[in-house]
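Visitor: This is the structure I have questions about; it appears just below.
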Amino acid sequence: PPAQSQNDWIGPPDKHSNLRPVIFYVPPEESPLERRLREARQEAQACNQRFWARHNQAFHQEKEEFIYSRLKAKGLQMRDETGQKATLSAEEMADFYKDFLSRNFRKHMQYNRDWYKRNFTITFLMGQVALARALRWLRWKKKNVEH
Amino acid sequence: GLFMWRLKSTGVRHIPCQFLHLCRAANDRLITFQYFNFLKRMYVTQCNKDLSQRAKPKSDPVVSPFHELQQLEQEKKVIHRISPIPSAHQPWPETSRRNELREVKSAAETGSVTAVRAESRDDRQWKEMKLRLDELPGILARLSKIKLTALVVSTASAGFAMAPVPFDLPCFLLASLGTGLASCAANSINQFFEVPFDSNMNRTKNRPLVRGQLSPLLAVCFAASCGIPGIALLTLGVNPLTGALGAFNIFLYTCCYTPMKRMSIANTWVGAVVGAIPPVMGWTAATGTLDAGALLLGGILYSWQFPHFNALSWGLREDYSRGGYCMMSVTHPGLCRRVALRHCLALIGLSAVAPVLDITTWTFPIISLPINLYISYLGFRFYRDADRSSSRKLFFCSLWHLPMLLLVMFTCKKSVLEKEDKGDLLGESHGRAVEIRLP
């Protein structure tokens, strides 16, 4: 993002986490409230990134392992004569999906709680910041009018 | 039309293009193309999001075909992402996305690929997080899942139309608007809650909050500015019962269904209730009371949700599993199919109850029997085969089955005058006829 921009910038989805990274703009006269908001957002972003990157990688890895073990049980190779990767049918994959979901249930529950809390906090802070900015602007307007 | 066929021929296994195919077939069924476009929009919207969205009504917007196409493009882009992402060295000029889409509309296959690549290239750039006012209507439309809410408004209108009272236009308009606003609010809050999950699912990763086109604060403010006037409108402009139902439905959708999606498969049943409430609201808006007819109409929509959703969720098991959503199709696949079949059959039963409650004449169960049997047949095929093609067939059937059923119901509606006559003949036994509001 250009150096003179006064806004945050959001990028393309991350390869592992599918989340879009945000580069936060730090204004020169950042109030403590605004700093709290920015830090909360950065922390949430880092947390989300860590969780999803790890989770998605685990998913793909376990999926590969599952396919490999199933193919081996059937006596097939990972790649057939044309070099294409062998895949299992949707019904066979369904077993894996069910298993994966139940194994990660606890992890998701914890993440949900965490995410909801963060989301509310960030939004609430955003509200406070918006209010503070609006009051500041009104005061500035009043000062200008008086002069 | 030609464009749509091209989509199919690219070999992209793409649900909307099958749907469009169905769309053309359905034209023969004397359903207006407009209405079908409407459904297509609804479906494309559903595709774009997490399937389990149930929405509340919204007044019907005039969505330009452009917007539709844009949605369609986003869908295609979604599918294309799975295949290798094209390199950034594209020889196309840096035209705006909209121009690309305009070209695509009249162009052939290559044109469509151009648009897709342009969009995915566009998507891979860094964007400034500034709210652009000219984009705002589109952003808010996507935030409120306007197409889906529009479809739900039509179910509420069906509820209103089926109520055995003279048609009151102002009331109808207020009810539709109120439920539409309530729906926008509910959908916005839902998207607000689900940002990281939506990012990870192919269907939903182009939502405004995911792309940073809108701040969460703005989303919440929008939801409040739709929801509060919406419910107020329903409570004060229509009647308190409808307002209460609207508020309850928002609560059910945002605070029960949305979190439950990640906790237990029971979310599907809660979601079915969310979908069943709008026609009940339409009915109570017209009559002011919650009587058997309202519940029957709600029951029909409740049952319909299951074949519709279960069939659709069958193809999304991978995304659900990775995203951590607890859906029957992933955890209890047998139950998923059984429930879908069960409710297809229930629709036959419910249709037969309609004349008993004096909502329709006896012609309704007879005329609706073919379509109910057909969806039950597809439900049975889905139950037995449990594969992608049967799930898709069932899903697409559900899309035209519901509007058709409601249409037939409306045409078979027991006319108010008929009931009045009966009332005169049979005395007090048809009390409802006597209470009819005179225009």
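Those sequence lines, one after another, are chains D and H. My numbering puts the first residue of the first sequence at 5, with every later residue one more than the last. My numbering puts the first residue of the second sequence at 75, with every later residue one more than the last. The beta-carbon is built from N, C-alpha and C at its ideal position, and this holds for glycine as well.
1. Nearest chain H C-beta to Asn141 of chain D closer than 8 Å, yes or no?
2. Let me confirm a value: Val227 of chain H is counted as buried when at least 16 other C-beta atoms fall within 10 Å, else exposed. Which label applies?
3. Given that a residue counts as buried once 16 or more other Cβ atoms are within 10 Å of its Cβ, and exposed if not, what is Lys488 of chain H?
4. For Thr66 of chain D, collect the residues of the same chain with a Cβ closer than 7 Å to its Cβ; drop the 5 residues on either side in sequence, then sort them by chain order.
5. Using alpha carbons as the reference points, say which of D:Thr91, D:Asn60 and D:Phe124 lies closest to Leu75 of chain D.
6. Which residues in chain H sit within 8 Å of Pro95 of chain D, going by Cβ to Cβ distance?
7. Are the C-beta of Asn116 of chain D and some C-beta of chain H separated by less than 8 Å?
8. Can you find the residues in the same chain that come closer than 7 Å, C-beta to C-beta, to Asn274 of chain H, ignoring five residues on each side of it along the sequence?
9. So who's on the other strand from Lys487 of chain H, going by DSSP bridges?
10. Let me check understanding here. Comparing Cα to Cα, which of H:Leu307, H:Tyr394, H:Met334 and H:Ala215 lies closest to Asp272 of chain H?
11. Listed in chain order, which residues of the region 104-115 of chain D have Cβ atoms closer than 9 Å to some Cβ of chain H?
12. For Cys51 of chain D, which residues in the same chain have their Cβ closer than 8 Å to its Cβ, ignoring the five residues on either side in sequence?
13. Output, in chain order, the set of chain B residues within a Cβ distance shorter than 8 Å of Ser9 of chain D.
14. Could you check what DSSP says for Glu268 of chain H in three-state terms: helix, strand or coil?
15. Between the C-alpha atoms of Gln199 of chain H and Asn116 of chain D, what's the straight-line distance to the nearest angstrom?
16. Identify, in the order they occur along the chain, each residue of the same chain with its Cβ nearer than 7 Å to the Cβ of Val269 of chain H, setting aside the five sequence neighbours on each side.
17. Does Glu202 of chain H come out as helix, strand or coil in the three-state DSSP assignment?
18. DSSP three-state call for Thr449 of chain H: helix, strand or coil?
19. Look at the alpha carbon of Gly254 of chain H and the alpha carbon of Gly304 of chain H, and state the distance between them as a whole number of angstroms.
20. Compute the Euclidean distance between the alpha carbons of Leu307 of chain H and Arg458 of chain H, then round it to the nearest angstrom.
21. Report all residues from its chain with a CB closer than 8 Å to the CB of Ala298 of chain H; omit the five preceding and five following residues, and keep chain order.
22. For Ile445 of chain H and Ala350 of chain H, what's the separation of their Cα atoms in angstroms?
23. Is Ile339 of chain H helix, strand or coil by DSSP?
24. Checking contacts by CB at 8 Å: is Arg58 of chain D closer than that to chain H?
25. Using only alpha-carbon positions, find the residue among H:Pro477, H:Ile433, H:Leu480 and H:Val404 that is nearest to Ala366 of chain H.
26. Check whether the region 410-417 of chain H and the region 132-139 of chain D are in contact - that is, three or more C-beta pairs closer than 8 Å.
27. Can you check whether the C-beta of Ile126 of chain D is within less than 8 Å of a C-beta belonging to chain H?
28. Which of helix, strand or coil does DSSP assign to Val413 of chain H?
29. Rounded to whole angstroms, what's the CA-CA distance from Phe246 of chain H to Gln49 of chain D? Just pull it up for me.
30. Go through its chain and collect everything with a Cβ distance to Ser138 of chain H's Cβ below 6 Å, but skip five positions before and after it.
31. If we cut at 8 Å on Cβ distances, does Leu291 of chain H have a partner in chain D?
32. Distance check for Leu205 of chain H and Pro293 of chain H, CA to CA, integer angstroms please.
33. If you count every other CB in all the chains shown that lies within 10 Å of the CB of Lys257 of chain H, and 16 or more means buried, which is it?
34. Check each candidate in H:Asn276, H:Lys335, H:Asp242 and H:Val427 and name the one with the smallest Cα separation from Gly372 of chain H.
35. Does the distance from the CB of Phe456 of chain H to the CB of Ser450 of chain H come in under 8 Å?
36. Which term fits Thr223 of chain H, buried or exposed, when burial requires 16 or more other beta carbons within 10 angstroms of its beta carbon?
Guide: Short version:
1. In the first sequence, residue 141 of chain D corresponds to position 137, counting from 1. As written in the sequence, residue 141 of chain D is Trp, which differs from the Asn given in the question. It does not: the Cβ of Trp141 of chain D has no partner Cβ on chain H nearer than 8 Å.
2. Counting from 1 along the second sequence, the entry for residue 227 of chain H is found at position 153. Buried, because 16 or more other Cβ atoms sit within 10 Å of the Cβ of Val227 of chain H.
3. By one-based count along the second sequence, residue 488 of chain H stands at place 414. Label assigned to Lys488 of chain H: buried.
4. Position 62 of the first sequence, counted from the start, is the residue given in the question as residue 66 of chain D. Per the sequence shown, the amino acid found at residue 66 of chain D is Glu instead of Thr. So the qualifying residues of the chain are Phe104.
5. What you label residue 75 of chain D is simply residue 71 of the first sequence in a count that begins at 1. Of the candidates D:Thr91, D:Asn60 and D:Phe124, the one whose C-alpha sits nearest the C-alpha of Leu75 of chain D is D:Thr91.
6. Taking the first sequence and counting its residues from 1, one reaches residue 95 of chain D at position 91. With the sequence shown as reference, residue 95 of chain D is identified as Glu, and Pro is not the correct amino acid for it. Correct list: Ala460 and Asp461.
7. As a first step, residue 116 of chain D must be located in the first sequence, where it is residue number 112. So yes, Asn116 of chain D belongs to the interface.
8. Looking up residue 274 of chain H in the second sequence gives position 200. Within the same chain, Asn274 of chain H has close Cβ partners Arg396 and Gly397.
9. As a first step, residue 487 of chain H must be located in the second sequence, where it is residue number 413. Per DSSP, H:Thr434.
10. Counting from one through the second sequence, the residue named residue 272 of chain H turns up at place 198. It is H:Tyr394.
11. Closer than 9 Å at the C-beta level to chain H, one finds these residues of the region 104-115 of chain D: Phe104, Leu105, Ser106, Asn108, Phe109, Lys111, His112, Met113 and Tyr115.
12. For the purposes of this step, residue 51 of chain D is identified with residue 47 of the first sequence, where counting begins at 1. For Cys51 of chain D, where only same-chain residues beyond five positions count, the Cβ hits under 8 Å are Asp118 and Arg122.
13. Looking at the structure shown, chain B is missing, and the protein chains on hand are D and H.
14. On the second sequence, position 194 is the one that residue 268 of chain H refers to. Under the three-state reduction of DSSP, Glu268 of chain H is assigned to coil, being neither helix nor strand.
15. The residue you call residue 199 of chain H lines up with position 125 of the second sequence. The residue you call residue 116 of chain D lines up with position 112 of the first sequence. Taking the straight line joining both Cα atoms gives about 29 Å.
16. To locate residue 269 of chain H, count along the second sequence from 1; it is residue 195. Around Val269 of chain H: Leu283 and Val284.
17. By 1-based counting over the second sequence, the position of residue 202 of chain H is 128. In this structure, Glu202 of chain H counts as strand in the three-state DSSP scheme.
18. Locating residue 449 of chain H in the second sequence gives position 375, where the first residue counts as 1. The sequence shown places Ile at residue 449 of chain H, not Thr. Residue state, collapsed to three classes: helix.
19. Your numbering for residue 254 of chain H matches position 180 in the second sequence. Your numbering for residue 304 of chain H matches position 230 in the second sequence. Approximately 7 Å, taken between the alpha carbons.
20. As a position in the second sequence, residue 307 of chain H is number 233, starting the count at 1. As a position in the second sequence, residue 458 of chain H is number 384, starting the count at 1. Distance between the alpha carbons of Leu307 of chain H and Arg458 of chain H is about 47 Å.
21. In the second sequence, residue 298 of chain H corresponds to position 224, counting from 1. Closer than 8 Å at Cβ, skipping near neighbours: Ala259.
22. The residue labelled residue 445 of chain H in the question sits at position 371 within the second sequence. The residue labelled residue 350 of chain H in the question sits at position 276 within the second sequence. Distance between the alpha carbons of Ile445 of chain H and Ala350 of chain H: 20 Å.
23. Mapped onto the second sequence, residue 339 of chain H falls at position 265. Ile339 of chain H falls in the coil class under three-state DSSP.
24. Stepping through the first sequence from its first residue, residue 58 of chain D is reached at position 54. Arg58 of chain D does not count as touching chain H.
25. The residue given as residue 366 of chain H occupies position 292 in the second sequence. The shortest C-alpha separation from Ala366 of chain H is found at H:Ile433.
26. no
27. The count along the first sequence starts at 1 and reaches residue 126 of chain D at position 122. Yes, its Cβ sits closer than 8 Å to a Cβ of chain H.
28. One-based indexing of the second sequence puts residue 413 of chain H at position 339. DSSP places Val413 of chain H in helix when its eight states are reduced to three.
29. Numbered from 1 along the second sequence, position 172 holds the residue referred to as residue 246 of chain H. Numbered from 1 along the first sequence, position 45 holds the residue referred to as residue 49 of chain D. About 45 Å.
30. As a working note, residue 138 of chain H is residue 64 in the second sequence. Reliability of the predicted coordinates at Ser138 of chain H is poor, the pLDDT of 37 falling under 50, and the value obtained from them is presented with this limitation in mind. Contacts found: none.
31. Working through the second sequence from its first residue, we reach residue 291 of chain H at position 217. By this cut-off, Leu291 of chain H is an interface position.
32. Working through the second sequence from its first residue, we reach residue 293 of chain H at position 219. Working through the second sequence from its first residue, we reach residue 205 of chain H at position 131. The question names Pro, but residue 293 of chain H is Ala in the sequence shown. Whole-angstrom Cα-Cα distance: 12 Å.
33. Here residue 257 of chain H is taken as the residue at index 183 of the second sequence, counted from 1. Before going on, a small fix: residue 257 of chain H reads as Ser here, not Lys. Ser257 of chain H is buried by the Cβ-count criterion.
34. Taking the second sequence and counting its residues from 1, the one referred to as residue 372 of chain H is at position 298. It is H:Val427.
35. Taking the first residue of the second sequence as 1, we reach residue 456 of chain H at position 382. Taking the first residue of the second sequence as 1, we reach residue 450 of chain H at position 376. No, Cβ-Cβ distance for Phe456 of chain H and Ser450 of chain H is not below 8 Å.
36. On the second sequence, position 149 is the one that residue 223 of chain H refers to. Label assigned to Thr223 of chain H: buried.
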